[in-house]
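Here the protein sequences line up with chains V and Y, keeping their order. 1 is the number of the first residue of the first sequence in the working numbering; add one for each residue after it. 751 is the number of the first residue of the second sequence in the working numbering; add one for each residue after it. Built from N, CA and C at the ideal position, the CB exists for glycine as well. Owing to the predicted nature of the structure, the values given are computational and were not obtained by experimental measurement.
There are 2 protein chains.
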Amino acid sequence: MWSVLHDSVSTVDLTRARGWLCAGALLLAVGLFFLGFLFGWFINSSRETNFAPENNVKRKFLEELKAENIKEFLYNFTRIPHVAGTEQNLNLAKQIEAQWKEFGLDSVHLAHYDVLLSYPDEAHPNYISIIGEDGNEIFNTTLFEPPPPGYENVSNIMPPYSAFSPSGMPEGDLVYVNYARTEDFFKLERDMNINCSGKIVIARYGKIFRGNKVKNAQLAGAKGVILYSDPANYFVPGVAAYPHGWNLPGAGVQLGNILNLNGAGDPLTPGYPANEYAYRFGVAEAVGLPTIPVHPIGYYDAQMLLQKMGGPGPPENNWKGSLNVSYNIGPGFAGNFSKHRVKMHIHTNNKVTRIYNVIGTLKGAVEPDRYVILGGHHDSWGFGGIDPQSGAAVVHEIVRSFGKLSKRGWKPRRTILFASWDAEEFGLLGSTEWAEENSKLLQERAVAYVNADSSIEGNYTLRVDCTPLMHRLVYNLAKELQSPDEDFEGKSLYESWKEKSPSPDFFGRPRINKLGSGNDFEVFFQRLGIASGRVRYTKHWAQSALSGYPLYHSAYETYELVEKFYDPTFKYHLTVAKFRGGMVFELANSIVLPFDCQDYAVVLKKYADQIYNTSMKHPHEMNTYSVSFDSLFSAINNFTEIASKFNKKLLHMDKTNPVLLRIMNDQLMFLERAFLDPLGLPDRPFYRHVIYAPSSHDKYSGMSFPGIDDALFDIENHRDPPKAWGEVKRQISIAAFTVQAAAETLREVV
Amino acid sequence: MWSVLHDSVSTVDLTRARGWLCAGALLLAVGLFFLGFLFGWFINSSRETNFAPENNVKRKFLEELKAENIKEFLYNFTRIPHVAGTEQNLNLAKQIEAQWKEFGLDSVHLAHYDVLLSYPDEAHPNYISIIGEDGNEIFNTTLFEPPPPGYENVSNIMPPYSAFSPSGMPEGDLVYVNYARTEDFFKLERDMNINCSGKIVIARYGKIFRGNKVKNAQLAGAKGVILYSDPANYFVPGVAAYPHGWNLPGAGVQLGNILNLNGAGDPLTPGYPANEYAYRFGVAEAVGLPTIPVHPIGYYDAQMLLQKMGGPGPPENNWKGSLNVSYNIGPGFAGNFSKHRVKMHIHTNNKVTRIYNVIGTLKGAVEPDRYVILGGHHDSWGFGGIDPQSGAAVVHEIVRSFGKLSKRGWKPRRTILFASWDAEEFGLLGSTEWAEENSKLLQERAVAYVNADSSIEGNYTLRVDCTPLMHRLVYNLAKELQSPDEDFEGKSLYESWKEKSPSPDFFGRPRINKLGSGNDFEVFFQRLGIASGRVRYTKHWAQSALSGYPLYHSAYETYELVEKFYDPTFKYHLTVAKFRGGMVFELANSIVLPFDCQDYAVVLKKYADQIYNTSMKHPHEMNTYSVSFDSLFSAINNFTEIASKFNKKLLHMDKTNPVLLRIMNDQLMFLERAFLDPLGLPDRPFYRHVIYAPSSHDKYSGMSFPGIDDALFDIENHRDPPKAWGEVKRQISIAAFTVQAAAETLREVV
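Right under this line is the structure:
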């Protein structure tokens, strides 16, 4: 009953060919012939271009998604830790593979790579000590987080460490560097004249990606980095610490990698898949490895280190966290403790290790060479209660629902690829290596990538980061789905989302963010120019200084955290499942791709206005160096005009003409690709999108017109003005060229 | 009568629907309905996929090509010089534009760019002198070539110069460096202990591209380069010098650019089009500019410089040319002349100048978003009798024939783009800038590029350089066309070609060469991975040491040179026109693209065997550094197997299914693209084809597996063996990955 052909044929009423026998037979014969001709003609037309309403199938697909199943999958996926490269995680991959096959996908396989991972040395635990004047260790940080209740007997819980830290035992004075942002080091070096060279810096987690903190500390000359979770950022007043609430306990520690890969994937095989015959660089040539030891601690231990700090007090209020300490900067300890030193004991080792992605396929019936990809990872630091299993459980349920349709004979128009990535936590390695291996297929055939890491980081409202091409799709879906929020019963998700998270740029719409990085969509969007998007439930950002959620990457990210505190009925998970699944469904089945190129025009104009305003803070230099944004605005005008014509043409297109349809769909598919610069961004060859890039200072957030923005940043920081303004001009020229060239791809070809 | 739809409909015989009235009417009714249904079905099917034999159209197209017209066009195009950036050449572009419109193309326009060109200073002519002991100029080279008879009153004949030479007046001792190849400098430095540092080197033209000679001289530390045409390379014994024959007179000089762009296009805007808002680098950051003065001379002047040379004699016989001099190496002059110096007086200037391509379009009726490109240049150094107008005249005639078909209502299946490039002589600038501007369209839509520079460089037999994808197309066409050669009356071109130029690799077939560079296909093939090919008539290579043809790039490349000596009946031109036009016709009209992926498999295996054998000259090091070619051979085996399956599938494909047809044609179109490495070759970012590149030592010739080959070259030259062997391994890995990934693009998707 799902077959499109069947649906169409059943509408042919053969009885109409009967009656009137032996009367006016010639007329009849001609008439019948003509009638048959018409049927043949139109039924043939419907073979390739499916007008049978897919809405019915879509409804069935969405109704098949069940909160109960997501809950069960989450429970199942979170019994033990699944650190990339471990046997436990391989077993999880095999389980997912087997279940996806059962669910009814056409094919499922494991795609493995041998990548550089990093593990602590079981025989030599990592810790940090305070060394007294006599050289004794007078304080040591704890070696592990106490296991969460109910998990005391689970083995293989990874102790706190910073993945890819080099081994080493640096000893020295501490400097407190706040979040270790660029501006924090500027404050220290320029305003306070405090030099971090040869010091061990202690930085609080939050605001930016930890790898960027380490890079900044290295540039400042530090010889070690201690990362800690300040209660100001990981403990919301009035909420209990785990297990009684969702706050971070004092002994909880955020694990994580500290690479600066800038999209390279496996550090030893940048640009190429880490397969059996890959050439591997030596560690000296590897991409993105930190050069100084780094270690993460909780706030109990941080209190012990920070309470003795000497030197000046915090320069600004925003340098103060919530610990009961002075937040003195250092260097070193105060008064009686001034001869005490801090020593790091790091014995972490890098190791080439096999990882396993699960790749499932549901083959397209009409356009099998067009790929819609749904991907999320399955590796975790601990139990993965939120990250990633709240996402993996949703992917699992989506696969199950598609599988059920497939078993009943329905096939999507385009091919859907389902991916469960490995080693996301070690630098997006599974997704990047797979995309490197399949880059030639992806660049010619991939329509869209939908990312599916953690389904929740809160339970307040929806959060969407996506390409402008998907804005309309996302808004339409939000209007179709019910809001799961309290006080929004019977209302659409769009309404609750809009009310709770209004767009700062477009009045009357909910907020949609730029794509940055920090998740598996990176290689697809930033390197390959494949239209991408991600959706999850989030917290109330305005109401807290929280970075993410408090238990992020700690041992306390359990099933119970989700089930007791975040989403007891799994209604938020279900909403996210319907959203992610709905996006995939539309992308894979809409006859015309659900991309709106005019929305790209709108944001291009907005970004150009913003960057122009930033530049215009320097009117004198703009004049001196003849800096003009005219070419960029002109290109955006052209883009806007051509996009509008494209949409008009699309509206009136003969959608029964398969070649015409393919031509215009190809124009839509390749539009995101057209924003790539094959030469990449300056010093970031694997970030090739001219409109978007991960921020140079925090890979989690996205920046627009990154080339221009980075050059203007150099100007803000007084780096060689003639050169920097030359670079601004060069980057404006590249942006204008790219926008114009992208516009040309939308020009009428038929 | 050309309409495909019309052809198909006319085969429907409506009379078959008549007869048998009033008998078994129900049966009849059903039967008629069914019959009508079938007609409706199949006629609808035939709407998109054209089975009407195109052979008739092709025959008309080829028969329309006339030697007389080519002759007339050549005459018309060679009345005056057409140096890029001059008014004369703009007028030629406008004339071509107007005529292509008249011929019947759908649209024609000029595409202009502002690129770096280079001209001598009219007020300060360039020359070289011998300076006596007293500092006087005791000999000066001539300032211009005497004009050819009949052209004495033509103004604006460019005097001899090396385009892009910096200005300068270096003075010093001469060193004779033979062809200035890498091996020539090795011979001097390693075997003869002769240091070129601070010397002016004199090199004979030939064997390699002059820009490579200059690069080698710079690396050797020279402060100036004199290029000259030795009679050994530019004068065939027994043939008269122009105007009485096709040999180079003593005062004839080869002009030309001496850039080392490696595919960058305009030196100031590498990677981006040199349009109105392009950012231009300063000369210090420009790509490929020579750093020392360079000047070309004829053999009369060379005799004057070489006859006094001192130092050792030529190290090998192949260092001797045919002048009546010793070919002593130097440095400096012998005996009485030892205090004489050579001084160069170079006042050439670089100048950003507007150039104009002519771009014509014949829109495809079925797949307008698939492009077949025929391109050749129209700028010349002198009259351009051979280079380029013997090619431009052929392109003109091909456009005329297509235009005539178009006027009669016929349209090609795919869009044909005709390009007349500007500034080819200044570094392939017109084609490269245009391709940079349109790269996004080209990479998604371009099916093939057919190059059309000089139609002849001799009149002995056919010469073809092309992608393996086109081997079958080329051989088939050669079998269809008549041989124009004497003693081959009534035989096919294939037969004469095979007999005169047998393949060294494949028994029983004519030779086809690898694509290198030195012509406008470069950006299409080496940077963008668009299947490319070139065809011309050539000389008997085995019988002479000639480099190209003697009058190449001299003032004596006139219409009369062609009409009197090379091709009085223009039958060779006509053959080349039919070949180039036939290729374009097939590429634009074949329902299935005329590409054979199995031929790629065959050459991949051949190249791998060759490079393996080269590497195996060092069995000990292969072992020491664990160098294995297994991955490459394995990838080639996979490619071979998948290509074979692809061809089988193609054979039995339902060609009436437009989507299926498009899918498989896309696989064929994108196969060449799949051989690109987005990261480019080491230090040559604009050469991205992993299987082919212009030779690192001579851009005119093509090398296979260039990454591996270059690394092995370093080994041959004893450069840091561990590093070089590591690079060999890395390059084998990249090659294996690329071949495997290309194979995957041919895997069955439906």
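So which residues of chain A does residue i contact, with C-beta pairs closer than 9 Å?
i: Y:G1013; result: Among the protein chains of the structure shown, namely V and Y, there is no chain A.
Using the Cα positions of residue i and residue j, report the straight-line distance between them to the nearest angstrom.
i: Y:P1428; j: V:L712; result: 28 Å
i: Y:S1365; j: V:E285; result: 25 Å
i: V:A741; j: Y:D1203; result: 28 Å
i: Y:D1119; j: Y:A861; result: 20 Å
i: Y:Y1210; j: Y:D1317; result: 11 Å
i: Y:K1161; j: Y:R809; result: 15 Å
i: V:W800; j: V:M664; result: Chain V is shown from 1 up to 750; residue 800 of chain V falls before or after that span and cannot be answered.
i: V:F737; j: Y:G1135; result: 38 Å
i: V:A674; j: Y:K1190; result: 6 Å
i: Y:V1489; j: Y:Q1417; result: 15 Å
i: Y:V1149; j: Y:K1289; result: 27 Å
i: Y:Y1225; j: Y:Y1049; result: 41 Å
i: Y:P1023; j: Y:E1186; result: 5 Å
i: V:L268; j: V:G256; result: 19 Å
i: Y:K1399; j: Y:R1497; result: 10 Å
State yes or no: is the beta carbon of residue i nearer than 8 Å to at least one beta carbon in chain V?
i: Y:A1424; result: yes
i: Y:I1484; result: yes
i: Y:S1381; result: yes
i: Y:Y1027; result: yes
i: Y:L1191; result: yes
i: Y:I1458; result: no
i: Y:D1119; result: yes
i: Y:D1416; result: yes
i: Y:F801; result: Confidence at Y:F801 is low in this model, with a pLDDT of 38, below 50, so the placement of that residue is unreliable and no value is reported for it.
i: Y:R1412; result: yes
i: Y:K1157; result: no
So what does residue i bridge to, in DSSP terms?
i: V:A622; result: Per the sequence presented here, residue 622 of chain V reads as Met, with Ala not at that position. Answer is none; V:M622 lacks a bridge partner.
i: V:N513; result: V:D465
i: V:P502; result: V:P510
State yes or no: is the beta carbon of residue i nearer than 8 Å to at least one beta carbon in chain Y?
i: V:T361; result: no
i: V:V749; result: yes
i: V:I715; result: no
i: V:Y272; result: yes
i: V:V366; result: yes
i: V:P149; result: no
i: V:A741; result: yes
Going by the CB atoms, is the gap between residue j and residue i shorter than 8 Å?
i: Y:M942; j: Y:P1065; result: yes
i: V:R719; j: V:D599; result: no
i: V:V83; j: V:D379; result: yes
i: V:K407; j: V:G104; result: yes
i: Y:K973; j: Y:G995; result: no
i: V:M304; j: V:F139; result: yes
i: V:K343; j: V:I131; result: yes
Requested in this report: State whether the stretch 1008–1016 of chain Y contacts the stretch 1165–1184 of chain Y, with contact taken as three or more CB pairs (one from each stretch) at a distance under 8 Å.
Outcome: By the Cβ rule, the stretch 1008–1016 of chain Y counts as touching the stretch 1165–1184 of chain Y, because three or more pairs are nearer than 8 Å.
Query raised in the report: Pairing CB atoms from the stretch 1103–1110 of chain Y with CB atoms from the stretch 840–850 of chain Y, are three or more of them under 8 Å?
Result: By the Cβ criterion, the stretch 1103–1110 of chain Y is in contact with the stretch 840–850 of chain Y, since at least three pairs of Cβ atoms, one from each stretch, lie closer than 8 Å.
Report task. Check whether the stretch 1448–1459 of chain Y touches the stretch 950–964 of chain Y, taking contact to mean three or more Cβ pairs, one atom from each stretch, closer than 8 Å. Result -> Flag = yes, the stretch 1448–1459 of chain Y and the stretch 950–964 of chain Y touch.
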